[in-house]
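**Student:** Attaching a single structure in structure tokens format; questions to follow.
Residue numbers (this note's numbering): 1223 to 1311.
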């Protein structure tokens, strides 16, 4: 389900490259925020399950979470920057 969401994000990004639609950009932004937030939950649950099975590879598990947090952080920063620009206008 999450992989399909990332595929939808990729396709919408490629479509928007040619259409240059502000609405599609906003949908891509907020949908990406929801999907990568779900990835944080999924990866956290995966880490807990791996720990219960005895897998203690902390480095790669932290890298997975870090990538998810960076994706969410980028989208939040873009949203906040857009809101600031709208507020100043």
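From the three backbone atoms N, C-alpha and C, an ideal C-beta is built for every residue, glycine too.
Note that the coordinates shown come from a computational prediction; the quantities given were computed from them, not determined experimentally.
What is the C-beta distance between residue 1253 and residue 1223, in whole angstroms, given that I count them as a contact (C-beta under 8 Å)?
**Tutor:** Looking up residue 1253 in the chain shown gives position 31. Looking up residue 1223 in the chain shown gives position 1. Going by Cβ atoms, the distance from residue 1253 to residue 1223 rounds to 13 Å, so no, they are not a contact pair.
**Student:** Do three or more CB pairs link the region 1284 to 1303 to the region 1238 to 1247 at distances below 8 Å?
**Tutor:** no
**Student:** For residue 1297, count neighbouring C-beta atoms within 10 Å of its own C-beta (all shown protein chains included) and say buried if the count is 16 or more, exposed if not.
**Tutor:** Taking the first residue of the chain shown as position 1, residue 1297 is located at position 75. So residue 1297 counts as buried.
**Student:** For the region 1260 to 1270 against the region 1287 to 1295, are there 3 or more C-beta pairs whose distance is under 8 Å?
**Tutor:** yes
**Student:** One question on the structure: do residue 1236 and residue 1300 come within less than 9 Å of each other, judged by their Cβ atoms?
**Tutor:** For the purposes of this step, residue 1236 is identified with residue 14 of the chain shown, where counting begins at 1. For the purposes of this step, residue 1300 is identified with residue 78 of the chain shown, where counting begins at 1. Against a cut-off of 9 Å, the Cβ pair of residue 1300 and residue 1236 comes out as no contact.
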